[in-house]
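Protein chains: 2
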Amino acid sequence: MSELRHDPLSRRWVIIASERSRRPSDFLLDHEPVHEAPFCPFCPGHEEKTPPEILAVRPPGWPANGPGWEARVIPNKYPALSIEGEPERRGVGLYDRMRGIGAHEVVIEHPSHTLHMADMERAHLEKVLWLYQERLRDLSRDARFKYLLVFKNHGPAAGATLDHPHTQIIGTPVTPRAISMELESARQHYHLKERCLLCDILAQEMEARDRLVTLDEHFAVFAPYASRFPFELIVVPRRHNHSFSEEPRSTVAALAATLKDLLLRLKVVLRDPPYNFVVHTAPNTETVVRRANYWNTLPQDWHWHVEVLPRLTKVAGFEWGSGFYINPTAPEEAAAFLRDALV
Amino acid sequence: MSELRHDPLSRRWVIIASERSRRPSDFLLDHEPVHEAPFCPFCPGHEEKTPPEILAVRPPGWPANGPGWEARVIPNKYPALSIEGEPERRGVGLYDRMRGIGAHEVVIEHPSHTLHMADMERAHLEKVLWLYQERLRDLSRDARFKYLLVFKNHGPAAGATLDHPHTQIIGTPVTPRAISMELESARQHYHLKERCLLCDILAQEMEARDRLVTLDEHFAVFAPYASRFPFELIVVPRRHNHSFSEEPRSTVAALAATLKDLLLRLKVVLRDPPYNFVVHTAPNTETVVRRANYWNTLPQDWHWHVEVLPRLTKVAGFEWGSGFYINPTAPEEAAAFLRDALV
Chain C
1 MSELRHDPLS RRWVIIASER SRRPSDFLLD HEPVHEAPFC PFCPGHEEKT
51 PPEILAVRPP GWPANGPGWE ARVIPNKYPA LSIEGEPERR GVGLYDRMRG
101 IGAHEVVIEH PSHTLHMADM ERAHLEKVLW LYQERLRDLS RDARFKYLLV
151 FKNHGPAAGA TLDHPHTQII GTPVTPRAIS MELESARQHY HLKERCLLCD
201 ILAQEMEARD RLVTLDEHFA VFAPYASRFP FELIVVPRRH NHSFSEEPRS
251 TVAALAATLK DLLLRLKVVL RDPPYNFVVH TAPNTETVVR RANYWNTLPQ
301 DWHWHVEVLP RLTKVAGFEW GSGFYINPTA PEEAAAFLRD ALV
Chain P
1 MSELRHDPLS RRWVIIASER SRRPSDFLLD HEPVHEAPFC PFCPGHEEKT
51 PPEILAVRPP GWPANGPGWE ARVIPNKYPA LSIEGEPERR GVGLYDRMRG
101 IGAHEVVIEH PSHTLHMADM ERAHLEKVLW LYQERLRDLS RDARFKYLLV
151 FKNHGPAAGA TLDHPHTQII GTPVTPRAIS MELESARQHY HLKERCLLCD
201 ILAQEMEARD RLVTLDEHFA VFAPYASRFP FELIVVPRRH NHSFSEEPRS
251 TVAALAATLK DLLLRLKVVL RDPPYNFVVH TAPNTETVVR RANYWNTLPQ
301 DWHWHVEVLP RLTKVAGFEW GSGFYINPTA PEEAAAFLRD ALV
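Chains as they are written, first to last, in the numbering used here: chain C, 1 to 343; chain P, 1 to 343.
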């Protein structure tokens, strides 16, 4: 069982994953280039090598845990957090800890081992997004999970350990610090202005246009004004909504098209760069909103979005030490390259 | 001139370094292994290739900007921030910006191109630390700089771009977010308890002992309870002091011994790992304390320290998206390995 620990100075939560425990000699291997294991547990025909599936897209009547699927969701075989038990929060002198309770699932996006998400059919990607939504809806019924994070690591430099295209979903018993800070900013803005911060940002970006990459009826994609990383992007739904999982089917279809388009632009301009994307949806409203008046404006003040972070630069001492980033590519320049990518 | 930009959602400041501007093709080179340029501007005899030195340790009477130095401080030739001008803070709609004003200096630690800081003589390292202190004292007289960050990148994976051993000092016109959060935690603790948070943490660690690596009259080195990274360490002076640059010579001599010892332990256990270290001293008290009553307990509530961050694991989507870290090595295990390293 892993453990969640809180640092009182930085206010950061950390998962100490003792089941994945690594000794000094394990790290020496990391200096070597990573070679893909010849056997892939995510490929069709190897379904018995993964834990039993939670959900899948496959033809009606076909049995679970066999081939024929288009995309499937499984529990992570080596989860960072365990699904069974209660967090048992307690203090350790000045510190806080709880048991490493949470959900850790993997969405295998496609039967093909090598197909990049950018190259999947739009209709296929829509099914993958539908699986995200289904899992978020189901996990949100569990009151132990305060936040559900959907994220993707593409390429070893972005932390991917398996090549087969997949996304991860982690449910945590605390709201992560990066999310709480965004929630707090959005809430303060709402209390001052009675307007949503991201709606205001969206309006400003649509007027300025110089950081805008694409814009259609449903979504705007732009390079954030204070991008941490070169070619960082944010995907914002134009219609205010706090929750990704509550979006109707038409919006999900539009998101599939938008995501495919922006990943293709990144692939063309930066020749298949490593990247992460992260869905910033509302905290688990089943547990948070019902319990605390503090968050009772959440549906008005929070606006879900997706962060896309190409991993092109190394993060060094200045960034780790200060939380301040040095970005060598102006977002206006990055946006111009990406706008012209598919011409 | 670079630009400082603030993101209203994450409350993060970013330096958009347009003078170091990088186009998409520049990033493709990063996929290749980095080979050291055959010519090193930091080596003795090449002093004319660096900007004129600010300060150096060299025999009395020897001319500046020539050989014979033991360690020297120069302005960074490609600074992230420029020393001339005023920040000119202004709003851009919802956003905040200022000109990229600040200091960016390099401390060349030793004439030898290949000598690891862990292998320098203790007496030499003391002189390097003395240079840090001198530069902090001098830069703190400049009221434009709210914070002065001393940090080191060792190895390409930790962001080092030159092999020759060096440290950097960056002075910023805002207090970085990571520091403000620590300051806020320390201040809240002090207001509740009238005790320093890090003094309390130190007492708890000295009693628990399982995360302690070394302890002498002046310094404790331990693996933080909620370490983000495997083998992360913190160096804490046992006598409360808010400011590294105000430490007397005896403490600096002890710090040189402690730093050398812990870097040697890391080198032995992890075979010369890439790492960053960062000095978390008080904000520029010349400007902050005099101006704001808010910080008038700073000398009591802040306790300077050094963070040491080996870079052994890749940071992935979960970490970037949540500010939550997964650490596969328990700090108690890391401390045990490091305690036994020099036996």
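Don't be surprised by glycine CBs; every beta carbon is placed ideally from N, CA and C.
Near residue i, which residues of its chain fall below 8 Å by C-beta distance, leaving aside the five closest residues on each side in sequence?
i	result
Glu-32/P	Residue confidence is low: Glu-32/P scores 48 on pLDDT, short of 50, so the model does not pin down where it sits. Its coordinate-derived value is still stated next. Closer than 8 Å at Cβ, skipping near neighbours: no residue.
Gly-66/P	Glu-47
Pro-328/P	Pro-230, Thr-313
Met-206/P	Leu-212, Leu-215, Ala-220
Assuming residue i contacts residue j under a Cβ cut-off of 8 Å, what Cβ separation, rounded to an integer in Å, is found between them?
i	j	result
Glu-307/C	Phe-277/C	7 Å
Pro-224/C	Glu-232/C	6 Å
Leu-55/C	Arg-135/C	7 Å
Leu-338/P	Val-269/P	6 Å
Thr-50/P	Tyr-190/P	Between Tyr-190/P and Thr-50/P the Cβ distance is about 43 Å, and since that is not below 8 Å, they are no contact.
Asn-153/C	Gly-317/P	5 Å
Val-117/P	Pro-44/P	The sequence given here places Met at residue 117/P; Val does not occur at that position. At roughly 18 Å, the Cβ-Cβ gap does not stay under 8 Å, so Met-117/P and Pro-44/P are not in contact.
Gln-168/P	Phe-151/P	6 Å
Pro-87/C	Arg-72/C	Between Arg-72/C and Pro-87/C the Cβ distance is about 29 Å, and since that is not below 8 Å, they are no contact.
Ile-108/C	Phe-42/C	5 Å
Leu-131/P	Val-14/P	Not a contact, Cβ separation roughly 29 Å.
Ile-179/C	Ala-80/P	Ile-179/C to Ala-80/P, Cβ: 29 Å. No contact.
Only counting the same chain, and skipping five residues up and downstream in sequence, which positions put a Cβ closer than 7 Å to that of residue i?
i	result
Asp-210/C	Glu-332, Ala-335
Ile-16/C	Ser-2, Glu-3, Arg-5
Lys-77/C	Thr-50, Pro-51
Leu-129/C	Val-252, Leu-255, Ala-256
Leu-94/C	Pro-8
His-242/P	Ala-282, Leu-298, Pro-299, Trp-302, His-303, Trp-304
His-113/C	Cys-40, Cys-43, Asp-163, His-164
Could you check if residue i is buried or exposed, using at least 16 other CB atoms within 10 Å of its CB as the buried criterion?
i	result
Ser-2/P	buried
Leu-28/P	exposed
Lys-260/C	buried
Asp-340/C	exposed
Phe-244/C	buried
Ser-250/C	exposed
Ser-227/C	buried
Val-315/P	buried
Arg-12/C	buried
Ala-330/C	buried
Val-235/C	buried
Ala-160/P	buried
Pro-173/P	buried
Based on the DSSP secondary-structure assignment, which residues constitute the bridge partners of residue i?
i	result
Thr-167/P	Val-107/P
Trp-13/P	His-6/P
Ile-234/C	Phe-222/C, Glu-307/C
Leu-55/P	Val-73/P
Phe-277/C	Lys-152/C, Val-308/C
Thr-172/P	Tyr-147/P
Asp-96/P	His-6/P, Gly-91/P
Leu-215/C	Ala-220/C
Thr-326/C	Before going on, a small fix: residue 326/C reads as Ile here, not Thr. Its beta-bridge partners are Ile-15/P.
Ile-101/P	Ser-82/P
Within a Cβ cutoff of 6 Å, which residues of the same chain sit near residue i, ignoring the five residues on either side of it in sequence?
i	result
Gly-171/P	Gly-102, Ala-103, Leu-139, Phe-145, Leu-148
Pro-111/P	Pro-44
Glu-53/C	Ala-64, Asn-65, Arg-72, Ile-74
Lys-267/P	Ala-118
Leu-197/C	Ala-186, His-189
Ala-158/P	Pro-274, Tyr-275, Asn-276, Arg-311
> Going along the chain, which residues of the segment 200 to 228 of chain P sit with their C-beta nearer than 7 Å to a C-beta in chain C?
Replying inline: Asp-200, Ile-201, Gln-204, Pro-224, Tyr-225, Ala-226, Ser-227, Arg-228
> Taking any Cβ of chain P, which residues in the segment 307 to 331 of chain C have a Cβ under 7 Å from it, in chain order?
Replying inline: Glu-307, Leu-309, Leu-312, Lys-314, Val-315, Ala-316, Gly-317, Phe-318, Trp-320, Gly-321, Ser-322, Gly-323, Phe-324, Tyr-325, Ile-326, Asn-327, Pro-328, Thr-329, Ala-330
> Using a beta-carbon distance cut-off of less than 8 Å, what residues from the segment 265 to 277 of chain C approach chain P?
Replying inline: Val-269, Leu-270, Arg-271, Pro-273, Asn-276, Phe-277
> What residues in the segment 33 to 63 of chain P bring their beta carbon closer than 7 Å to a beta carbon of chain C?
Replying inline: none
> the segment 2 to 21 of chain C: which residues have C-beta closer than 7 Å to a C-beta of chain P, in chain order?
Replying inline: Arg-5, His-6, Asp-7, Pro-8, Leu-9, Ser-10, Arg-11, Arg-12, Trp-13, Val-14, Ile-15, Ile-16, Ala-17, Ser-18, Arg-20, Ser-21
>> Can you pull out the residues from the segment 173 to 185 of chain C whose beta carbon lies closer than 7 Å to at least one beta carbon of chain P?
In response: Pro-176, Arg-177, Ala-178, Ile-179, Met-181, Glu-182, Ser-185
> In chain order, what residues of the segment 87 to 109 of chain P put their CB closer than 8 Å to some CB of chain C?
Replying inline: Val-92, Gly-93, Leu-94, Tyr-95
> According to a CB-to-CB cut-off of less than 8 Å, which residues of the segment 143 to 166 of chain C neighbour chain P?
Replying inline: Tyr-147, Leu-149, Phe-151, Lys-152, Asn-153, Pro-156, Ala-157, Ala-158, Gly-159, Ala-160
> Of the residues that make up the segment 68 to 83 of chain C, which ones have a beta carbon closer than 8 Å to any beta carbon in chain P?
Replying inline: Ala-80
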